[in-house]
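Q: Here you go, one structure.
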Amino acid sequence: MRFLDSGNAHEWAGTFTADGVFLANAHPEPQSGREAIRTAAEKTSAQLAEQGIQRRHWLGMLEVEEREDGSVEAHTYALIINTVQGGKPEVLLSCSCDDVLVREGDGQLRVKHRQVYRDDLPK
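Residues 1 to 123 in the UniProt record's numbering are what the sequence shown lists, from first letter to last.
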């Protein structure tokens with residue numbers, strides 16, 4: 001998340017597999033593929049920069065479980081915090097995140113599938 005929070009959409013998208021999927025109950029369509037994920041992150045980063053907002057994702061309550069096929073399930077809670085320069089931090093959203101990670105040929109774990117649930121919306 002630190003790549004995303006620093007506005008580095010390319011590096012953040014690189015934490016996903018080439019065919020990775022990002023779904024959120026706040027968005028009607030999934031972002032499928034690393035390039036779609038990167039493009040969406042670039043758009044959001046540009047909007048935040050234009051508004052002078054620093055966004056941070058605070059993750060906690062991490063649960064990790066290895067599956068029989070070698071992939072890994074990770075479940076976290078997330079608080080999304082916005083801070084306008086010179087202002088006070090404000091909690092924007094509370095979410096949960098369900099990931100499936102796979103180890104790729106270079107030995108790196110990457111996100112194959114991420115589902116984000118905003119707490120203020122129906123699942």
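Cβ atoms here follow ideal geometry from the backbone N, Cα and C, with glycine treated the same way.
If we count Cβ pairs, one from each stretch, closer than 8 Å, do we get three or more for the region 78 to 86 versus the region 57 to 64?
A: Contact holds: three or more Cβ-Cβ distances are below 8 Å.
Q: Just to confirm before moving on: does the CB-CB distance between ASP98 and GLN115 stay below 8 Å?
A: Yes; because the gap between Cβ atoms is below 8 Å, this pair is in contact.
Q: Suppose only complete runs of 4+ residues qualify. What are the alpha helix (DSSP H) ranges in the UniProt domain "SnoaL-like" (1 to 114), listed by chain order?
A: The UniProt domain "SnoaL-like" (1 to 114) contains these whole alpha helix (DSSP H) runs: 2 to 5, 9 to 13 and 34 to 51.
Q: Flag this pair as yes or no: are the beta carbons of PHE3 and ILE37 separated by less than 8 Å?
A: No. Outside cutoff.
Q: Skipping 5 residues on each side, what residues in its chain have a beta carbon closer than 8 Å to that of PRO30?
A: Contacts found: VAL21, PHE22 and LEU23.
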